[in-house]
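There are 2 protein chains.
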Amino acid sequence: MDTKDLERKFHMIGGDGEKSYARNSSLQKKASDMAKHITLETLQQLYKETRPKSLGIADLGCSSGPNTLSTIKEIIKAVEVAHNNEISNQPLPELSFFLNDLPGNDFNTIFKSLPDFHTELKRDINDGDFPSVFIAAYPGSFYGRIFPEKTIHFIYSSYSLHWLSKVPPALYDKEGKSINKGCVSICSSSPEAVSNAYYSQFKEDFSSFLRCRSKELVAAGRMVLITLGREGPAHVDRGNSFFWELLSRSIMDLVAQGETEEEKLDSYDMHFYAPSAAEVEGEVNKEGSFELESLEMLEVDDDKENVDDTSYGNAVAKTVRAVQESMLVQHFGEKILDKLFDTYARMVDEELAEEDIRPITFVVVLRRKL
Amino acid sequence: MDTKDLERKFHMIGGDGEKSYARNSSLQKKASDMAKHITLETLQQLYKETRPKSLGIADLGCSSGPNTLSTIKEIIKAVEVAHNNEISNQPLPELSFFLNDLPGNDFNTIFKSLPDFHTELKRDINDGDFPSVFIAAYPGSFYGRIFPEKTIHFIYSSYSLHWLSKVPPALYDKEGKSINKGCVSICSSSPEAVSNAYYSQFKEDFSSFLRCRSKELVAAGRMVLITLGREGPAHVDRGNSFFWELLSRSIMDLVAQGETEEEKLDSYDMHFYAPSAAEVEGEVNKEGSFELESLEMLEVDDDKENVDDTSYGNAVAKTVRAVQESMLVQHFGEKILDKLFDTYARMVDEELAEEDIRPITFVVVLRRKL
């Protein structure tokens, strides 16, 4: 599947039904909350330094759910605080929010909630002046240009950058067959060429990302990138990669039961890569437009007892399903999904009973050099 | 129904199915084609005068259909021509297109066609440099602010401004009953208070529209407004109002057959007003930020023989249905719609056999004063 195909086909489940991303993104929300103070402090620092009359803020990979708009509200409040601390005698800046995701994302659902959101904003933010708030959608891949030059002050991206622009072409041999058999991502059984292929694709994509953003951001503009990552150089560990290893095993289980074909599993590869901190830092330095202000490593799921679900495995299964269903359906068909994710939930719980799984999240703060 | 309700509920039929606006807007397309040369010439004139490095262009009431993107392509070509005539030695400007419509509009369908549209653009426009083109959606009512201050160079709006922000409140008596019985708009049977109520609402809305746009446009920025209008001061004529008179009569027909209740017809009122040229000019002068560069009156449907449909009545019925269905369904229920529009198509054909119907379109060109 090439980039154009991905742009059309990859999206979180839309709407607000039982299986939608909107209702199954609580794990993402939890981590975003932990990263929130970094995001808001960075924004306030930027505002203090630049004091623009009109502030452009972009959410890259905004998806479609409650997280999309709740972050906007917090940002408005943070800007108000920074403004009142700095230049309270001047009018509040205009705030433009640019929501970005692939063209297949369900923007309609976000838009339909805007009239209520604006009403709510006016009710909640009533200390004196109310700022002008403009909310727009800029669909497209963030591995290409999205915005005109020097129009953005602040960019945040939550759980999106671990999605590559495409499945690495180097995963396929001359006959077009995947060299990563029995696995959907980097598994313990994968040959080294697989992790090399993924790492190369990450380098190509992340440097495009940085180059495009460097054109779009104003001088001293900031980016806060929240993304899944790895704890160290090893590609296979009990972190994020392990969730995909379990997904591969769940599909293998269905193959064994005759529910799907082995060839289907062999030919399915995800466009996912969790970089290490050193890999992120390496690309930032190589591209050269940004200064790395900070890189924090968070372990999100330390509170496994307090999940709103029958089990932690079920919560993970729902999240993974909301995120991967659009791709899985096209490859395996709709029929196997319920069974697949029941198996998956069970496997996650079984593994957890034996040993912890530690998914890592990075919060990377970058500053556009002057 | 108040403004907030309208923002949620009023929209063209989305998607690209048989009854969608996308496939039933050929009458609008025809008139837009006639207005096209005015639009493109005005844009070129603006470009010549201001020569911005980054050009912001907004489509207010963009709807969701082939017209939305085909206009963008023509605009890009026109800017290239103007650029090459004026400053061909300099790089092409960046072009930002801001698509606006109410939040209930089907933006997803537009977005899904963007990857193909960009590919097509690059294929069709290949004389030398290809400009950077950014396409974004800014949902919201254009009777309020949509864009940050002084960010827009050119605004066009095609067949949207005849939709008022709400049904005029003065149409309802103290008990909340409509004073416009048996009619959905201004009919020959309507008391004078009805046309007064609509005219007042138009004045309020159009002056808000001008005030908001005057903030958003740069100095010398232009607007090309394509809207339905009236030929003279009389509110009832064989023009646009007559199509609504026939819709009222079609509903009455269904009332007579027991398909719906008279009370439902009495309480249904549209948020539509076709102003006269003098009324448009009056508001422009009163608001004061714009100079009226030109106001042309077009009669769109002079070519009634050449309609792609079984009859002209059917073509009109499909167009009116794509535009009004979202509102009619909520009031009358889905059940009556097929019969209603069969009746309507027949009535249009019968009336045409007797005497011409002459719907008027205005193309208004406004220039933001310096």
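From first to last, the protein sequence lines stand for chains A and R. By the working numbering, the letter at position 147 of the first sequence is numbered 147, and the numbering carries on one by one without gaps. By the working numbering, the letter at position 209 of the second sequence is numbered 1209, and the numbering carries on one by one without gaps. Virtual Cβ for every residue (Gly too), placed ideally from N, Cα, C.
TODO: Mark R:F1111 as exposed unless 16 or more other C-beta atoms lie within 10 angstroms of its C-beta, in which case mark it buried.
DONE: The residue given as residue 1111 of chain R occupies position 111 in the second sequence. Counting Cβ neighbours within 10 Å, R:F1111 comes out buried, since at least 16 surround it.
Open item on the list: Short of 6 Å in beta carbon distance, which residues of its chain neighbour R:R1145, apart from the five on each side in sequence? Order them along the chain.
Closed with: The sequence position of residue 1145 of chain R within the second sequence is 145, counting from 1. The answer, listed in chain order, is C1212.
TODO: Show which residues of chain A have a CB atom less than 8 Å away from the CB atom of R:R1145.
DONE: As a working note, residue 1145 of chain R is residue 145 in the second sequence. Within 8 Å Cβ-Cβ: S132 and F134.
Task: Residues from the stretch 1105-1118 of chain R in contact with chain A, defined by Cβ distance under 7 Å - done: D1106, F1107, N1108, F1111, K1112, L1114 and P1115
Task: Proximity test, Cβ basis, 9 Å: A:D302 and chain R - done: Translated into the one-based positions of the first sequence, residue 302 of chain A becomes position 302. No answer about A:D302 holds up, because its pLDDT of 46 lies below 50 and its placement is not dependable.
Open item on the list: Could you give the first and the last residue of the continuous alpha helix (DSSP H) run that contains R:L1246?
Closed with: In the second sequence, the residue the question calls residue 1246 of chain R occupies position 246. N1240 to A1256 is the span of the alpha helix (DSSP H), which, as asked, contains R:L1246.
TODO: Could you tell me the distance, in whole angstroms, from the CA atom of R:D1033 to the CA atom of A:D33?
DONE: The residue you call residue 1033 of chain R lines up with position 33 of the second sequence. The residue you call residue 33 of chain A lines up with position 33 of the first sequence. R:D1033 and A:D33: Cα-Cα distance of roughly 51 Å.
TODO: Determine the closest residue to R:D1116 out of A:I251, A:L99, A:G140 and A:V133, with distance taken between C-alpha atoms.
DONE: The residue labelled residue 1116 of chain R in the question sits at position 116 within the second sequence. With distances taken between Cα atoms, R:D1116 lies closest to A:G140.
Task: Below-9 Å beta-carbon distance, R:D1205 vs any chain A residue - done: For this step, residue 1205 of chain R is matched to residue 205 along the second sequence. R:D1205 does not count as touching chain A.
- [ ] List the whole-angstrom C-beta distance separating R:L1366 from R:E1293, where the pair is believed to meet the contact cut-off of C-beta under 8 Å.
- [x] Position 366 of the second sequence, counted from the first residue, corresponds to residue 1366 of chain R. Position 293 of the second sequence, counted from the first residue, corresponds to residue 1293 of chain R. Correct: roughly 7 Å between the Cβ atoms.
- [ ] Give the residues of chain R in contact with A:P52, contact being defined as C-beta atoms less than 8 Å apart.
- [x] By one-based count along the first sequence, residue 52 of chain A stands at place 52. Simply none; closest approach about 11 Å.
Open item on the list: Rounded to whole angstroms, what is the Cα-Cα separation between A:E261 and A:I336?
Closed with: Numbered from 1 along the first sequence, position 261 holds the residue referred to as residue 261 of chain A. Numbered from 1 along the first sequence, position 336 holds the residue referred to as residue 336 of chain A. Spanning the two alpha carbons is a distance of roughly 11 Å.
Open item on the list: Looking at the strands, I want to know which residues DSSP matches up with R:Y1156.
Closed with: Taking the second sequence and counting its residues from 1, the one referred to as residue 1156 of chain R is at position 156. BP columns for R:Y1156 point to R:D1059 and R:V1224.
Task: Proximal chain R residues relative to A:E94, where beta-carbon distance stays under 8 Å - done: Taking the first sequence and counting its residues from 1, the one referred to as residue 94 of chain A is at position 94. Correct list: P1148 and E1149.
TODO: Anything in chain R within Cβ reach of A:Y138, meaning under 9 Å, just list it in chain order.
DONE: Position 138 of the first sequence, counted from the start, is the residue given in the question as residue 138 of chain A. In chain order: F1134, I1135, A1136 and A1137.
Open item on the list: Residues of chain R with CB closer than 7 Å to the CB of A:P103, please, in chain order.
Closed with: As a first step, residue 103 of chain A must be located in the first sequence, where it is residue number 103. Chain R residues near A:P103: F1111, K1112, L1114 and P1115.
Open item on the list: I'd like to know if A:K166 contacts chain R, where contact means its C-beta is closer than 9 Å to some C-beta of that chain.
Closed with: Your numbering for residue 166 of chain A matches position 166 in the first sequence. It does not; no Cβ of chain R falls within 9 Å.
- [ ] Can you give me the start and stop residues for the alpha helix (DSSP H) that A:N100 sits inside?
- [x] For the purposes of this step, residue 100 of chain A is taken as residue 100 along the first sequence, with counting starting at 1. Not the alpha helix (DSSP H): A:N100 falls in the beta strand (DSSP E), residues E94 to N100.
TODO: For A:Y268, I'd like the list of residues in its chain whose CB is within less than 7 Å of its CB, leaving aside the five on either flank, ordered along the chain.
DONE: What you label residue 268 of chain A is simply residue 268 of the first sequence in a count that begins at 1. If we look at A:Y268 and ignore the five residues flanking it on each side, its Cβ neighbours are V184 and H331.
Open item on the list: Any beta carbon of chain A sitting closer than 9 Å to that of R:F1098?
Closed with: The count along the second sequence starts at 1 and reaches residue 1098 of chain R at position 98. Closer than 9 Å: yes.
- [ ] Excluding the 5 residues preceding and the 5 following R:R1238 in the sequence, name in chain order all residues of the same chain whose CB lies nearer than 8 Å to its CB.
- [x] As a working note, residue 1238 of chain R is residue 238 in the second sequence. Cβ within range, chain order: E1355, D1356, I1357 and R1358.
Task: C-beta atoms of A:S241 and A:R230 nearer than 9 Å - done: Counting from one through the first sequence, the residue named residue 241 of chain A turns up at place 241. Counting from one through the first sequence, the residue named residue 230 of chain A turns up at place 230. Against a cut-off of 9 Å, the Cβ pair of A:R230 and A:S241 comes out as a contact.
TODO: Name the one or two DSSP bridge partners that R:V1364 has.
DONE: Taking the second sequence and counting its residues from 1, one reaches residue 1364 of chain R at position 364. For R:V1364, which the question treats as bridged, DSSP gives the partners R:L1225 and R:L1295.
- [ ] Go to R:V1133, then tell me how far its beta strand (DSSP E) extends in each direction, as first and last residue.
- [x] As a working mapping, residue 1133 of chain R is identified with position 133 in the second sequence. That run of the beta strand (DSSP E) goes V1133 to A1137.
Open item on the list: Taking DSSP's pairing of strands, which residues face R:F1290 in a bridge?
Closed with: For the purposes of this step, residue 1290 of chain R is taken as residue 290 along the second sequence, with counting starting at 1. Bridge partners of R:F1290: R:R1368.
- [ ] Taking R:R1321 as part of the alpha helix (DSSP H), name the residues at either end of that continuous run.
- [x] The count along the second sequence starts at 1 and reaches residue 1321 of chain R at position 321. Run containing R:R1321: Y1312 to F1332, per the alpha helix (DSSP H) assignment.
TODO: Check whether the Cβ of R:I1072 lies closer than 9 Å to any Cβ atom in chain B.
DONE: Absence of chain B from the displayed structure is noted, the protein chains being A and R.
Open item on the list: Can you list, in chain order, the residues of its chain with a C-beta nearer than 7 Å to that of A:S178? Leave out the 5 residues immediately preceding and following it.
Closed with: Translated into the one-based positions of the first sequence, residue 178 of chain A becomes position 178. Contacts found: L171, Y172, D266, S267 and D269.
- [ ] State the CB to CB distance for the pair R:I1152 and R:G1221, rounded to an integer number of angstroms; the pair is presumed to be in contact (CB under 8 Å).
- [x] Locating residue 1152 of chain R in the second sequence gives position 152, counting from the first residue. Locating residue 1221 of chain R in the second sequence gives position 221, counting from the first residue. So it is a contact: roughly 6 Å between Cβ atoms.
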